[in-house]
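One structure is given below, encoded as structure tokens.
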Amino acid sequence: MYYKIKQFIKQILFDEKIEFTIHLALGMAYPEGGGRNKSAVHWDMIKDLRRGGAFYIDGKCIQKNGKWMIKLK
118 MYYKIKQFIK
128 QILFDEKIEF
138 TIHLALGMAY
148 PEGGGRNKSA
158 VHWDMIKDLR
168 RGGAFYIDGK
178 CIQKNGKWMI
188 KLK
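Counting along the sequence shown from 1, when you hit position 68 you're at 185 in the numbering used here, and nothing is skipped either side.
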């Protein structure tokens, strides 16, 4: 996370690290990062949770308004 980045700049490698956002990537992993899955695509998604956003998994709220709602290990 880069705490000094406060707004999206349309550069995914920076935007995906904005505090209180969630970054999901589907598809092929980068081998340079140790990824092993193969796919024809790599799709990055970023959701800003800072102002009323929420992220649910199986009906359970995981993050809301940029705050974790579960205890992380």
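Even for Gly, the Cβ is constructed at its ideal location relative to N, Cα and C.
Residue i, buried or exposed, once every other Cβ within 10 Å from all chains shown has been counted against 16
i: Q180; result: buried
i: I135; result: buried
Contacts around residue i, its chain only, beta-carbon distance under 8 Å, and the 5 residues preceding and following it disregarded
i: W160; result: A142, L143, G144
i: K155; result: M145
Residue i in three-state terms, based on DSSP
i: D132; result: helix
i: G144; result: strand
Cβ neighbours of residue i in the same chain (closer than 6 Å, five flanking residues each side left out)
i: E133; result: H140, I163
C-beta contact flag for residue i and residue j at 8 Å
i: R167; j: F125; result: no
Limits of the beta strand (DSSP E) - the one that residue i falls within
i: M186; result: It is not in any beta strand (DSSP E) - M186 carries neither H nor E in the DSSP assignment.
i: D175; result: Careful: D175 lies outside any beta strand (DSSP E) and carries neither H nor E.
i: I163; result: 159–165
Residue i beta carbon near the ligand PLP (any heavy atom closer than 7 Å)
i: K181; result: Among the components modelled here there is no ligand, and therefore nothing to report on the ligand PLP.
Beta-carbon contacts of residue i that lie in its chain and below 7 Å, excluding the five residues immediately before and after
i: I187; result: I179
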